[in-house]
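Protein sequence lines correspond, in order, to chains A and B.
Residue numbering for the first sequence follows this note's numbering, beginning at 1 and increasing consecutively.
Residue numbering for the second sequence follows this note's numbering, beginning at 1001 and increasing consecutively.
Cβ coordinates follow ideal geometry from the N, Cα and C atoms, glycine included.
All figures in this text were calculated on a predicted structure; none of them were measured in a lab.
2 protein chains.
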Amino acid sequence: MAETTAPVVDVPALTTFLDGTYAEVRALTRKRLVEYADILTDARELDRDKFRERVKQVVVELAATGQTGLGFPVEYGGGGDIGASIAAFETMGFGDLSVLVKVGVQFGLYGGAILQLGTKRHHDKYLAGMVKAEVMGCFAMTETGHGSNVQALGTRARYDVETREFVITTPDDASRKDYIGNAAAHARSAVVFAQLEIGGASEGVHAFVVPIRDGRGRTRPGVRIEDDGRKIGLNGVDNGRIWFDEVRVPRENLLNRYADVSEAGVYTSEIDNPDRRFFTMLGTLVQGRVCVGGAAINASKVALSIAVKYALGRRQFGNPGGPEELLLDYGLHQRRLFPLIARTYAMHFAQEVLAGELHAVFSATEEVDERTRRSLESRAAGTKAVGTWHASETIQECREACGGAGYLSANRLDALRADTDVFTTFEGDNHILLQLVAKGLLTDYSTSFGELDQLGMVRFVAGFAVETVLERTAVHKLVERIRDVLPTGDDLGDPEDGLLDSEYQLAMFRWREEHMLSGVARRLKRGMDSDMEPAEVFSRCQDHVIGAARAHVERLVLEAFVAKIASMPESDNRTALSMLCDLYALTVIEAGRGWWMEHGRLSSQRAKAISREVGDLCRRIRPIAEDLVDGFGVPPEMQVAEMLDPSTFGPTDHEGTR
Amino acid sequence: MAETTAPVVDVPALTTFLDGTYAEVRALTRKRLVEYADILTDARELDRDKFRERVKQVVVELAATGQTGLGFPVEYGGGGDIGASIAAFETMGFGDLSVLVKVGVQFGLYGGAILQLGTKRHHDKYLAGMVKAEVMGCFAMTETGHGSNVQALGTRARYDVETREFVITTPDDASRKDYIGNAAAHARSAVVFAQLEIGGASEGVHAFVVPIRDGRGRTRPGVRIEDDGRKIGLNGVDNGRIWFDEVRVPRENLLNRYADVSEAGVYTSEIDNPDRRFFTMLGTLVQGRVCVGGAAINASKVALSIAVKYALGRRQFGNPGGPEELLLDYGLHQRRLFPLIARTYAMHFAQEVLAGELHAVFSATEEVDERTRRSLESRAAGTKAVGTWHASETIQECREACGGAGYLSANRLDALRADTDVFTTFEGDNHILLQLVAKGLLTDYSTSFGELDQLGMVRFVAGFAVETVLERTAVHKLVERIRDVLPTGDDLGDPEDGLLDSEYQLAMFRWREEHMLSGVARRLKRGMDSDMEPAEVFSRCQDHVIGAARAHVERLVLEAFVAKIASMPESDNRTALSMLCDLYALTVIEAGRGWWMEHGRLSSQRAKAISREVGDLCRRIRPIAEDLVDGFGVPPEMQVAEMLDPSTFGPTDHEGTR
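As structure tokens, this is what we get:
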């Protein structure tokens, strides 16, 4: 470590830089988290029912401060700023995650559905009470037998023209609403997704406001609710199952922004294609995915802050006579934690781009074209998938890196890990989301094909000449740029040349993405040409489809990181972030080196040089590791961990021992 | 899937084959688990104190049946069969894991220490009460500041020649005993590891029996105990912290099999070298590691049984008009689960070899040479590390593969995942264990160097010519055998030739192990030659050291699987296991293909052929997937999972839909 002068990190400036446009909102949210820091203890010590009530109370109190309503129109008590609302939610990822998810259910899912799918009559009737959390609501989409394939929901909403009501029914147990947050105890109102039936004809899935409890908390007639019981985590959120037995709601309870039913039972919509209509409705709910991804990335920051500090306090083995070595001075420990710090920074900046795009689209005063919306949905899906997997992996690694101390609930890694675990599943299963990303890339987000299901996509891609598919894709345009930058494995001179050049790194990422995507297109076509069933064709290519989507997202993440650094003036902070960006890019290439070597884009000498460079980067990052996690700005109160008590572990050696 | 005739698996015969020598003990243990199946519900529903008491009660009742004492001498109420005791413990990995771990603490750690480190006076005094669980005990080794490096423990045991007592003291909070199972509530007795001091001289770490509570459960004078509180899992086990303030025990309480102190305070031991003495003592406790690894592998079986059945009940997307596709018919789902089934079988057979070796060594009537013991300890360490990581990865993947249903505690994956999580940490942190494996390989388990710490190892390896090191190693002898079998990447003809030949697969595994190990030796030597500090040399090579050890263990696992299949007569079950063995071997090569390509042992064409073959194998395994998990013989009562209710999900289609 003596060979390089480490940059001197300006920690407050780094935090401000990360906080970006909404630094003030984030600062205020941190303040609130600290005020409510006791909830972290409550999460461990209260029994489930009491903890649920406590979480509800916190949510209601936060609502009163305006913290949770930032994204709603001012006339209904909101803040009128979508970007601010995302920043606030992301920052709540530092705190108790039951509170976070309950906020997400009430304001993001329930409130968001009414805002986005409803019209003025719904806004006037529901939004003010929702924003104040006077009325708690739930978002009843998922069913026990139908999660990812929402178009196949079983719940029915039959229009009764006589009474001008919709009659909501659960036909079987596979169609019971399940895992619905706020349902088991607190919600009085539900947005229910159901198959609309008029005069025996099905019009597809639509959303309805359905009262499920009265003002005294009693379940309404025809509604049956069961508690989902204990879960791996998030036990402060009351998830439940709902059955509807001929529950009647007035015609006006259809959330009718995209389709309506007249009193006489005539169905109308401005969107003719029912698939397109359905996906347009779903697309308006994209904010939930953006929020979950952002919160997951912030939860990773908490875990890394704890693990790095633990490793700066705990010693193990070492030279006889002298003090034992700090954990963080072990090469393996650095290799375990530092690439995760680097990826957390990378994901942070990718998330910042995404949140900015979302704000732009949803705050636009003019109509946004559909391709832009589809591209946003794809980016949200991909970032959510990669960000939540990142959180699972990071928090788990931090737990293991803290040994037995990491297993104690007092040290927060328990709650972080258990609570975030379902993030990979809810708001869209990650694998399904990556398929959505791949579909967008293969069909160029075209309006006419965006609604295709997976088998439709197979038929579409196979139905065109592969080259046509590729010509259509945005990624194809990258290839020209790449050819000059990226030599083949054989052409390379010194294997270490250019490893730290972001143009080289980006070219590698882009080349992989383009190659995987065109490979998928060719395989789909070949499969269909061989008379295989579309389902079989898809099944056989599925891991390739997912891989291509993941490569795409990783390219976006690296581009975001590189662009962010390019925007900085020269400074030690910029130097520090550049090291992290290199570490992110090179660990991705190292992990996937088999693929690049298979495809002749990486020589074995260069692959080995990359592994050496990763080790070097880790050693160079070691002296600033604590500053880099402090830069995340996780309030100390959110890092509560008995194991950090310095009197127990001896003085922290911030400079390292070597 | 129509292209190959699937083998017809004889499930009961497969289970019998897996159960092996101790089929009867395993059957009896399954029966007991079913009798106590209610504990799985208790684990979710009782509060922590009640659940602890319930777990204690179950342990006491099991002790009365003889279930838990199989490994102890018959004269103290045991079963006198070490192999049987391991089989019984492993099988308990299907059930509640708090019960398992409490059994491990009482009989394995506490009882095992008295048996192995004590002499007849201790056996006569303690074993009968321990076997009946009349006296609960704990194993007080780990301290808050000292876990992996047990030689650096801070607790002191000073011999007071006046009173002929040892005086046990905790000098500081870093030296408090921590994470000690049975300590917070139930243990009356502790085996305490402490630095023995006689007349101001230190004799190193020794073990002492120390009463910590009286018959009425009150803490004894000078002993302070704190509860470790809530943990990620295993909340039926009462872990705690212990401080000793000048606690006096009679001289006879030293467990004196390997060293003794006379009344006059003269220290004697048959083993002169203090390091060697210490590691000999530790080595006798190897059974704990063997048991943990075996239980982890069995916990994986439960998770896979649940996930495969869920995927045979749950449908998602598919052809319009027809029923949706079963999850298990998706290529990605197969890719996620089947390699884990294959690795579970592989680990099972590797564990069987290990348990057999342990039984042989510990049941031997003649003295076993030290090299054999060291080799056993290394194999135990490696199998425990790889087996427990396998469990963490498998259970997590199963949870995600079951989506939201997997997040509900009712479906067992919660408990399996949370309870096994610490398995990677306790009984030796996995990374430290793999370093132990590497040390054994680099020093050929030599008696004179086996006690070296990591820096000693660096100095030793570097102090000899590298070739000498390699000549010494067992693995070196493999190389000759390999050269003929394993062509270089360039020599290969048809890239698919021989992929399913176990000789090819083994040669690949062996070549990697040998190459990584010699590479580590060279790097250590180069580092020392360059005048780097040993700590720095080690730190820089650490991931390479771990990688070499892991490659070694993976070779042992594959060898065990191949040998087991070779022992079977031709049958459909043999065909089925051969497919799994190929899948195990090829997924290991696929995951590490970057390494083999870097080293010129795998062409890119062949690497791609391996990925295709993995996909093919998954499709061929699909029709027998349910049989393969049923073959594990996990009692249905241990797979309790609401989500499996067929009325909810429609008929299970055991044959697949295509």
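At the level of alpha carbons, what is the spacing between residue i and residue j?
{"i": "LEU304/A", "j": "THR16/A", "result": "19 Å"}
{"i": "THR1170/B", "j": "ARG1176/B", "result": "6 Å"}
{"i": "TYR1110/B", "j": "ARG1522/B", "result": "42 Å"}
{"i": "GLU246/A", "j": "PHE166/A", "result": "9 Å"}
{"i": "ARG1220/B", "j": "SER1269/B", "result": "31 Å"}
{"i": "LEU1234/B", "j": "ARG44/A", "result": "15 Å"}
{"i": "LYS1125/B", "j": "LEU1115/B", "result": "11 Å"}
{"i": "LEU18/A", "j": "TRP243/A", "result": "45 Å"}
{"i": "LEU97/A", "j": "ASP497/A", "result": "45 Å"}
Can you tell me where the alpha helix (DSSP H) holding residue i begins and where it ends?
{"i": "ARG1220/B", "result": "Taken as a continuous stretch (DSSP letters only), ARG1220/B belongs to no alpha helix (DSSP H), as it is neither H nor E."}
{"i": "ALA566/A", "result": "534 to 566"}
{"i": "PRO1659/B", "result": "The structure shown does not extend to residue 1659/B, since chain B spans only 1001 to 1658, so no value can be given for it."}
{"i": "PHE89/A", "result": "82 to 92"}
{"i": "CYS138/A", "result": "Not the alpha helix (DSSP H): CYS138/A falls in the beta strand (DSSP E), residues 137 to 140."}
{"i": "VAL1034/B", "result": "1023 to 1035"}
{"i": "VAL1167/B", "result": "It is not in any alpha helix (DSSP H) - VAL1167/B instead sits in the beta strand (DSSP E) that spans 1165 to 1169."}
{"i": "ARG44/A", "result": "38 to 45"}
{"i": "ALA185/A", "result": "Neither: ALA185/A is in no alpha helix (DSSP H) and is coded neither H nor E."}
{"i": "TYR445/A", "result": "Taken as a continuous stretch (DSSP letters only), TYR445/A belongs to no alpha helix (DSSP H), as it is neither H nor E."}
Count the other C-beta atoms from every protein chain shown that fall within 10 angstroms of the C-beta of residue i, then say buried if there are 16 or more, exposed otherwise.
{"i": "ARG289/A", "result": "buried"}
{"i": "GLY217/A", "result": "exposed"}
{"i": "SER202/A", "result": "exposed"}
{"i": "GLN57/A", "result": "exposed"}
{"i": "VAL99/A", "result": "buried"}
{"i": "THR1344/B", "result": "buried"}
{"i": "GLU367/A", "result": "exposed"}
Can the beta-carbon of residue i be found less than 8 Å from the beta-carbon of residue j?
{"i": "MET638/A", "j": "GLY104/A", "result": "no"}
{"i": "MET1508/B", "j": "TRP1596/B", "result": "yes"}
{"i": "VAL1342/B", "j": "LEU1556/B", "result": "Per the sequence presented here, residue 1342/B reads as Ala, with Val not at that position. Cβ distance not < 8 Å, so ALA1342/B and LEU1556/B don't count as in contact."}
{"i": "SER189/A", "j": "VAL209/A", "result": "yes"}
{"i": "VAL458/A", "j": "VAL537/A", "result": "yes"}
{"i": "ILE1589/B", "j": "ILE1610/B", "result": "yes"}
{"i": "LEU1395/B", "j": "ALA1311/B", "result": "Checking the displayed sequence, the identity of residue 1395/B turns out to be Ile instead of Leu. In this structure, ALA1311/B does not lie closer than 8 Å to ILE1395/B by Cβ."}
{"i": "ARG1248/B", "j": "GLU1263/B", "result": "no"}
{"i": "LEU358/A", "j": "ILE82/A", "result": "yes"}
{"i": "SER1148/B", "j": "ILE1546/B", "result": "no"}
{"i": "ALA1549/B", "j": "LEU1376/B", "result": "no"}
{"i": "GLY77/A", "j": "GLN106/A", "result": "no"}
{"i": "CYS1291/B", "j": "GLU1024/B", "result": "no"}
Span of the beta strand (DSSP E) holding residue i?
{"i": "ASP1178/B", "result": "1177 to 1180"}
{"i": "GLU1203/B", "result": "1201 to 1211"}
{"i": "ALA194/A", "result": "189 to 198"}
{"i": "PRO250/A", "result": "247 to 250"}
{"i": "GLY1240/B", "result": "1240 to 1244"}
{"i": "ASP1260/B", "result": "1259 to 1261"}
If you measure from the CB of residue i, is any heavy atom of the ligand ADP nearer than 7 Å?
{"i": "VAL1520/B", "result": "Among the components of this structure there are no ligands whatsoever, and the ligand ADP is therefore not found."}
Using a Cβ-Cβ cut-off of less than 7 Å, list which residues of the stretch 206 to 236 of chain A approach chain B; keep chain order.
Residues ASP228, GLY229, ARG230, LYS231 and ILE232.
Using a Cβ-Cβ cut-off of less than 9 Å, list which residues of the stretch 1569 to 1600 of chain B approach chain A; keep chain order.
Along the stretch 1569 to 1600 of chain B, the positions whose C-beta sits under 9 Å from a C-beta of chain A are GLU1590, ALA1591, GLY1592, ARG1593, GLY1594, TRP1595, TRP1596, MET1597, GLU1598, HIS1599 and GLY1600, read in chain order.
Within 8 Å of chain B by C-beta, residues of the stretch 539 to 564 of chain A in sequence order:
Taking 8 Å as the Cβ-Cβ cut-off against chain B, the residues of the stretch 539 to 564 of chain A that qualify are SER539, ARG540, CYS541, GLN542, ASP543 and ILE546.
Using a Cβ cut-off of 7 Å, which residues of the stretch 378 to 395 of chain A contact any Cβ in chain B, in chain order?
From the stretch 378 to 395 of chain A, no residue has a Cβ closer than 7 Å to chain B.
Name the residues in the stretch 318 to 335 of chain A whose C-beta lies less than 7 Å from a C-beta of chain B; which are they?
Listed by position along the chain: GLY318, ASN319, GLU324, GLU325, ASP329, TYR330, GLY331, LEU332 and ARG335.
Could you name the residues of the stretch 1275 to 1304 of chain B whose beta carbon sits closer than 7 Å to any beta carbon of chain A, in the order they occur along the chain?
Those would be none; no residue qualifies.
For the stretch 414 to 430 of chain A, enumerate the residues whose C-beta is nearer than 9 Å to any C-beta of chain B, in chain order.
The residues in question are ASP414, ARG417, ALA418, ASP421, VAL422, THR424, THR425, PHE426, ASP429 and ASN430.
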